[in-house]
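Peer 1:
Number of protein chains: 4
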Amino acid sequence: MQEPRRFPLASPFESPDGDKLREECGLFGIYGAGDAANFVALGLHALQHRGQEAGGIVTHDESRGFNVVKKLGYVRDNFTSAETMEQLPGRSGIGHVRYSTTGSKGHTTLRDVQPFHGDLAVGGVAIAHNGNLTNALQIKRELIERGSLFHTTSDTEAVLHLMARSFHRTIPERLKDALRRVEGAFSFLALTSDGLIGVRDPLGVRPLVLGRIGDAWILASETCALDIVGAEFIRDVLPGEMVTIDDTGLRSTMPFEPQRPRFCIFEHVYFSRPDSVIGGASVYESRRRIGVELAREAPVEADLVCAVPDSGTPAAIGYSQESGIPFAMGIIRNQYVGRTFIEPTEQIRNMGVRLKLNVNRAIIRGKRVVLVDDSVVRGTTSMKIKDMILDAGAREVHFRIASPPTAWPCFYGVDTPDKDKLLASSMSEEEMRDHIGVDSLRFVSLDGLYRAVGEETGRDPERPQYCDACFSGEYPVQPSDMIEMGRISLKAAE
Amino acid sequence: MQEPRRFPLASPFESPDGDKLREECGLFGIYGAGDAANFVALGLHALQHRGQEAGGIVTHDESRGFNVVKKLGYVRDNFTSAETMEQLPGRSGIGHVRYSTTGSKGHTTLRDVQPFHGDLAVGGVAIAHNGNLTNALQIKRELIERGSLFHTTSDTEAVLHLMARSFHRTIPERLKDALRRVEGAFSFLALTSDGLIGVRDPLGVRPLVLGRIGDAWILASETCALDIVGAEFIRDVLPGEMVTIDDTGLRSTMPFEPQRPRFCIFEHVYFSRPDSVIGGASVYESRRRIGVELAREAPVEADLVCAVPDSGTPAAIGYSQESGIPFAMGIIRNQYVGRTFIEPTEQIRNMGVRLKLNVNRAIIRGKRVVLVDDSVVRGTTSMKIKDMILDAGAREVHFRIASPPTAWPCFYGVDTPDKDKLLASSMSEEEMRDHIGVDSLRFVSLDGLYRAVGEETGRDPERPQYCDACFSGEYPVQPSDMIEMGRISLKAAE
Amino acid sequence: MQEPRRFPLASPFESPDGDKLREECGLFGIYGAGDAANFVALGLHALQHRGQEAGGIVTHDESRGFNVVKKLGYVRDNFTSAETMEQLPGRSGIGHVRYSTTGSKGHTTLRDVQPFHGDLAVGGVAIAHNGNLTNALQIKRELIERGSLFHTTSDTEAVLHLMARSFHRTIPERLKDALRRVEGAFSFLALTSDGLIGVRDPLGVRPLVLGRIGDAWILASETCALDIVGAEFIRDVLPGEMVTIDDTGLRSTMPFEPQRPRFCIFEHVYFSRPDSVIGGASVYESRRRIGVELAREAPVEADLVCAVPDSGTPAAIGYSQESGIPFAMGIIRNQYVGRTFIEPTEQIRNMGVRLKLNVNRAIIRGKRVVLVDDSVVRGTTSMKIKDMILDAGAREVHFRIASPPTAWPCFYGVDTPDKDKLLASSMSEEEMRDHIGVDSLRFVSLDGLYRAVGEETGRDPERPQYCDACFSGEYPVQPSDMIEMGRISLKAAE
Amino acid sequence: MQEPRRFPLASPFESPDGDKLREECGLFGIYGAGDAANFVALGLHALQHRGQEAGGIVTHDESRGFNVVKKLGYVRDNFTSAETMEQLPGRSGIGHVRYSTTGSKGHTTLRDVQPFHGDLAVGGVAIAHNGNLTNALQIKRELIERGSLFHTTSDTEAVLHLMARSFHRTIPERLKDALRRVEGAFSFLALTSDGLIGVRDPLGVRPLVLGRIGDAWILASETCALDIVGAEFIRDVLPGEMVTIDDTGLRSTMPFEPQRPRFCIFEHVYFSRPDSVIGGASVYESRRRIGVELAREAPVEADLVCAVPDSGTPAAIGYSQESGIPFAMGIIRNQYVGRTFIEPTEQIRNMGVRLKLNVNRAIIRGKRVVLVDDSVVRGTTSMKIKDMILDAGAREVHFRIASPPTAWPCFYGVDTPDKDKLLASSMSEEEMRDHIGVDSLRFVSLDGLYRAVGEETGRDPERPQYCDACFSGEYPVQPSDMIEMGRISLKAAE
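Protein chains in written order, with the working numbering: chain W, 214 to 707; chain H, 214 to 707; chain V, 214 to 707; chain B, 214 to 707.
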């Protein structure tokens, strides 16, 4: 099916050239509220940083059944008109924003946009998913062999087919049945004609929180989506937990074999919004404390502490507070960033960064500047920013990075470049410093990061408290499809 | 002519409910560069904060003559496609972004979008204008009486008609002739088949700067528009100066009777971008110093200094630095703001502010908070933010405002509400504090503001160094049309 | 999934208020031509009269695999841009235009637009269908029970699922397997990675012809689609025949039990284009001969013979030629018909017919007029036209209808109103004459119709040569789903 | 101003490759009816054949003043939505459809779309124009010299500027004043705040008729526009007459020096709709009689008379009736014509004609065919149609043309190619026959044409009753601008 071509706007949270790891989905579901679709739209709007390419909402209404609207682009542009929202009646609904994990990467088409809806023999269901199933290809191959017709390129559809073929007679049981067949990291929402279901994988890699407003229950990826609708935060859905909500209330079951949780530590570093609370901790405060740890681990004499906006700001504030070096807005973001401008002449080409960021020349000139950024992926952005800062007359540039070196790809629902594109996979800290060309470059240590997120004794190397595979190469779930395709050789195998 | 209905996106620089004064135009012109239109588009993009409703570009090409493209909406959406830019060939061009001053207010139509182009007996010309002509209605009436046909509702068109009827034989002379007939505050750009002209009114109320890149000259409203294209800042165009640029170079003339300059002080407070330099001073630094002045004039015991993002941030940093109270991101902006969501239920209605701003509840709870904002216009935003902060559990809320009370409307190209809508026109500081309902509310003094922008001895009451009519009610140019229409009674007349 | 709302334009072939039976699909496939998609688009354009709501094209390209574009609206608007056609590379392709038979009637959504594509364990396939499966609901129910997920509301998808679950190892065998399970009237096209397949149901109710251009083979609903691309007409695909085309050439098999053919006689009356040739006979000539038969069976004294344009014209010419009464363009069509105009006042309301048709008042006034139309369905159009003609001053109006009374609904891929909406189901010819209010009303006899299409001895009542269920109530295939749903009581049962 | 690119649909009335003279405007105005805009839209829809590129409507409403909507494309697409029509309140209105005469030919932009509205010192006015002013460039030059700013490239705007500068105090007087300054052929409508005005030039070259519905008056280009709204035809506006309609009724004045009328004879041949009545004569009947004349002047032995649809049909019927040779639909139009399809391969290229026309092969094969067309302009279409007919197996092809050879361009509001592109300007009838390659080619004589339109003794060579400059080269009004530009050498000058 052909969709109008849309160039997804770059995320204002991301750095200028997309040189970031990207969380790839946000979820929001509600049960028991009039105008459920409006709540879902607002919640997805608050979660837009988790996926900007497309969004979808499914509601259920007693008289009209399931209603589906999917669109490429931003929630604010797609789910605000009366015309659209009237197509989504009902007291319950789920929604999804996505970048793209599996599926046609970088080229989202409407049919790959979640939630997916299907009519099973036991009734209709819509499902939406944040994460990645690491054995989806194997399951899909088997299902096609048996006569299932796939309509998308998404791994999520395999779960719907498994549910369609399950012998159980209720949708929650069929969902459990299906999820016990898959591996990977996932938070799932399912909407039925009389209920709402939320599930987290046994390790709890991806987040999912529970909220309440009036008599309605909400499930969302982050607490900031509760705040926007004025809902009360109740608790995190637990790793391995399935919550089932219907008119009789909320029930909790634990369908999987128990495992030690391994929440994604990068949610603290970059993915989540700074006004969200994860596992009882303020994301903003965690990031500020990473800055404090950095200032202790890697102090430097300087005149100003500046952030690479906006994601580096909390750590920059922490660094300034711990070091006593004044914080200043040395780099200003243009708030009207959008798709790339045409750049037909040599003169204009390669100025991409200035479209989004501008150095505050008047206050940088002649200064020794500490620049705090959240992470280094390919290193391309760091080099451009260094150039801008030096071009503006800075005397010294000291990069401080609020995460350890990112040396391994993620297979759990995060868009990462191939391993050989990750700067830290082949260079030491010193080599990266020379490559980027700055006076100093320091990353926070893995232990420092663990301390900042509240593990006072740092990382437990025997039983790490988080999933930190992107830093450590220790993958808590085997990436089966990738191994089969020969796309990855694991550390363990080296 | 009918245009497709477009809902202009709210400016991310503005506070949530539009409770701000609004600068209403941005200008950019270039002479002597290949692909002039690309430079203009980039420059307008950097000036988007000065006008978000619409934008237009006119270029001149030897073989194709004048080329015009005007569109409603953002530069990034309208002037980036190859299809559009190919319609704008040429080595010289001017562009304009606008909100709306005169003309069909709040309902911009394409025909009111500048630049305006016309064929005079002495050749073609395109003009664009930042400011407001205070006697435009009188002139327009007279021109119609003599048989001129107006095609827009803009005051700028009157200048074009005056030029069409001038007896002078060159366009620069006709422009001088026309501008000597008008009153008000203005910076004008004019593009001819062989040159580019820039003019500032005798008081220099509105800004205009001169830059250079390679062999090309640039005229722009702010220096940030020079930065984005990598141009060098040369100097401000002087109050009352006309610069004429052609293949022979740049000439400067002073066509008006000399007056003492009265630059708009609100450009420092809010309109200009923090990375621009005005009159040799960094806007960011001026704002930070306002925060320092505020901390001196209005200290308070508190736990945190927070900004109402984003315009209050520099002053909040200054307040924190001067007071020693830690700065924190207590309010987080949603980067994906857009047009208003539908809010059909009582439950959702009135939550407008949360769409754009969210309180960082985890760090605000139980704290005494100093909230720094740039200005108070109607006071509606201040009340909503106060509610949000208290709702998040703040113990005390102390508002500190980085400008004096705004008590008078502007007639020089800034969108202000009627006088009786301005909170400060009828209330004292204490009354405003009680009305808004905060523990304390303090504005920086007019002298403090003057000190922050570099006038060390403060305001000279006899010969004020700036136009500060919005604070003082002292209007340097008589708003003739408004008086004739009975829309304003001046302080002098009281 | 949400599609932009489109109001399908009314067919210029249909009479003003849609008071016609409507053929519901057109098919075109080609194998072995560069730019296959362009041929398909042209062929579908020529078949647009068979379906105006939507169209789809699927091509197969060796390097890019299957390519799918589907759109609501006309072929001329949707499949002409370079941008679209570049998305459809390949040397083979099939296309479909549809009104809507089953599926969401009157509310076509993109996901219901054919061709449908699926990946089977034995390879990819796309299918398109003209006709209607009379036991589709029963099959769909069974498939869902076994775990198939349906993504459309179309009966055609059931065939794809049957193919997905077939145990045969080639797509042609799986298609045969599936089609042996279904009942109804159908012509099917299937595109595989290395071939093109065409099938007609055993009765041959719906048409399908074979053509050739250069080395490429074409399958299309009508010969006019061969003419438009300059292809040579080879022969009709036979009732019950499957033709399989690949690089080795064309093979023919007869997978079904043989039956006596029962081609749809209404294709001659109205559905097919007058420049098509069916079963060796010119459609135009058949229609002209119906007029001749009518003039013999129902002569009348009159001054002019006029057609209800455009479908009544050939029969009107025949009537004129046989009767000697001059033919004249008494009713003129507006060539720019489109969607309905707003008609907010009593004055304007109910003038719908005049938007499309206007009486040529100057030549009608005072005349006795024979008005020839192709059929009477609800009778609403006939009444409006009679009013127009009398209003223009005609002295007498004699309706002559080029088909027998339409008294029974069709279940074989034609959109008909419910039986009780058919005027002829409850009225005699005389009652209809009085109801419509004309001086005389006569239908051609069923035998006359058979003679006109070449059966010289008329209809064989024991073994009718055509499907004429809409006139006779004798249904050659049991409409099982309809009977199960209680939506129809058959003549046999009366 | 930039407009979205639109490819104007080809007119279904025109022959396949645009090889026709084109009437360039249609007018409709109404005074005194609620929902005036709906009447105007319907009337313009009926006049769409007079201009397909764009349309505009201006209404006047007491409370909202003048309302303007202009769009590129068809009336049916642009003036039917409630959203649009609500922008056009009022009890009076005028509208215009245009192809393009002067102005940016072939590239209509919105600002050139009429009606044009302006605020004069004596009140607002909107004007619309069918025809062409032959001295517009001279007047425009003079107006610019005096300081008028032109906003369009249309000759009509000059009239508005002349009105703006007139010393008269009423709009009707100013319109007379302006029209006395211009030369050419024109029918004008003007809408004021309290009236509607219609004027025809002294020769009455272009049509304008007066109608009445209820208490409302209508002015329109043709009677078919009265029929569509159910209005009564009152009379033709007379050559040189100005009718002024307001709440006191209708007044008629004759502002110009009287001249003998010279109505455009081509309106009978092709421009007007066959259901319109011109000067008391049915257009259909005139065309049928041209066929009768042709059969008398140029008989031939043949089997069938066919029309080049649709404009040749009435003459073909006349030819058949006079000659006794049967009329048949030998060429069928595709009703879904639209913009050109992509034709990337040699195979598909040059098949343009078949997209719109298809030969009814089954009835043409082996026949001697008389083909009746309305005119020959460049001859390109005639050659393509001849090819199609021969390709279908016709034994002989005899072209009969229902107008004399078109040898001279029109300067009175009709789009004609340059003289050297007109086949008849350089070839005799025999040469054209050989060039086109048919068995015979005959044009009706100029006298025959005059007889068919009711001049029983044919053309009066001393005082021709019609403007027939395109056939005779005798121009009743001097084309001054063309002569000045050296674009034309007149017959008189030869």
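The C-beta atom is built at its ideal place from N, Cα and C for all residues, glycine as well.
It should be emphasised that the depicted structure is a prediction, and the values quoted were computed from it without experimental measurement.
For W/Ala637, which residues of its own chain have a beta-carbon under 6 Å away from its beta-carbon, when the five flanking residues on both sides are left out?
Peer 2: The beta carbon of W/Ala637 sits closer than 6 Å to those of Pro618, Thr619, Ala620, all from its chain and outside the five residues before and after it, given in chain order.
Peer 1: Use the C-beta contact count for H/Phe220: other C-beta atoms within 10 angstroms, 16 or more gives buried, fewer gives exposed.
Peer 2: For H/Phe220, the pLDDT reaches just 26, beneath the cut-off of 50, and the residue's location in the model is therefore unreliable, leaving the point undetermined.
Peer 1: According to DSSP, simplified to helix, strand and coil, what is W/Ile488?
Peer 2: In the sequence as displayed, the identity of residue 488 of chain W is Asp instead of Ile. Coil.
Peer 1: Cβ closer than 7 Å: which chain V residues qualify as neighbours of B/Glu498?
Peer 2: Ala575, Ile576
Peer 1: With DSSP as the reference, label V/Thr405 as helix, strand or coil.
Peer 2: strand
Peer 1: I need the DSSP call for W/Thr457, collapsed to helix, strand or coil.
Peer 2: strand
Peer 1: What did DSSP end up calling W/Ile426 once you bin it into helix, strand or coil?
Peer 2: strand
Peer 1: Starting from B/Ser499 and walking both ways along the alpha helix (DSSP H), at which residues does that stretch end?
Peer 2: 496-510
Peer 1: Is the Cβ of B/Pro420 closer than 9 Å to any Cβ of chain V?
Peer 2: Under the 9 Å criterion on CB atoms, B/Pro420 is classed as non-interfacial with respect to chain V.
Peer 1: Output needed for V/Ser693: all residues of its chain with C-beta closer than 8 Å, excluding positions within five of it in sequence on either side, in chain order.
Peer 2: Cβ within range, chain order: Thr347, Asn348, Gln351, Glu396.
Peer 1: Could you name the residues of the same chain whose beta carbon sits closer than 7 Å to that of W/Arg448, not counting the 5 residues immediately before and after it, in chain order?
Peer 2: Leu423
Peer 1: Taking the alpha helix (DSSP H) that W/Asn291 falls in, what are its first and last residues?
Peer 2: 288-291
Peer 1: Would you please verify whether the beta carbon of W/Ser361 is less than 9 Å from any beta carbon of chain V?
Peer 2: yes
Peer 1: Is any beta-carbon of chain H found at less than 9 Å from that of W/Leu240?
Peer 2: no
Peer 1: Alpha carbons only, please: which of B/Ile243, B/Phe476, B/Arg574, B/Val627 is nearest the one belonging to B/Gln678?
Peer 2: Selected option, being the one with the closest Cα: B/Phe476.
Peer 1: With a CB to CB cut of under 8 Å and the five nearest residues on each side skipped, what residues in its chain are close to B/Pro328?
Peer 2: Gly269, Ile270, Val271, Val281, Ile307, Gly308, His309, Ala339, Ile340, Ala341, Leu402, Leu404
Peer 1: Assess contact between the stretch 516-523 of chain W and the stretch 579-592 of chain W, defined as three or more Cβ pairs (one per stretch) separated by less than 8 Å. Is contact present?
Peer 2: Contact between the stretch 516-523 of chain W and the stretch 579-592 of chain W is present: 3 or more CB-CB pairs across the two stretches fall below 8 Å.
Peer 1: For H/Pro487, is the classification buried or exposed, using 16 other Cβ atoms within 10 angstroms of its Cβ as the cut-off for buried?
Peer 2: That one is buried.
Peer 1: Based on the DSSP output, what are the partners of V/Ala433 in its beta bridges?
Peer 2: Bridge partners of V/Ala433: V/Phe241, V/Val422.
Peer 1: What residues in its chain sit with their C-beta under 7 Å from that of W/Ser658, if we drop five residues either side in the sequence?
Peer 2: Only Glu510, Pro617 meet the Cβ criterion.
Peer 1: Give me the DSSP bridge partner(s) of B/Asn280.
Peer 2: B/Thr272
Peer 1: Where does the unbroken beta strand (DSSP E) through B/Ile352 begin, and where does it stop?
Peer 2: First-last for B/Ile352: 349-358, but that is the alpha helix (DSSP H), not the beta strand (DSSP E).
Peer 1: Does DSSP put B/Val482 in a helix, a strand or coil?
Peer 2: helix
Peer 1: With a threshold of 9 Å between beta carbons, is H/Arg311 in contact with chain W?
Peer 2: no
Peer 1: Output, in chain order, the set of chain H residues within a Cβ distance shorter than 8 Å of W/Asp440.
Peer 2: Arg567, Asn571, Val572, Arg574
Peer 1: Please confirm if W/Ser379 has its CB atom under 9 Å from at least one CB of chain V.
Peer 2: yes
Peer 1: If contacts are defined as beta-carbon pairs under 8 Å, then B/Ala528 and B/Arg546 qualify, I think. What distance do you get, rounded to the angstrom?
Peer 2: Incorrect: roughly 16 Å between the Cβ atoms, too far for contact.
Peer 1: By how many angstroms is the C-alpha of B/Asp628 removed from the C-alpha of B/Ser641?
Peer 2: Spanning the two alpha carbons is a distance of roughly 23 Å.
Peer 1: Could you tell me whether the Cβ atoms of W/Pro468 and W/Val412 are closer together than 9 Å?
Peer 2: Yes; because the gap between Cβ atoms is below 9 Å, this pair is in contact.
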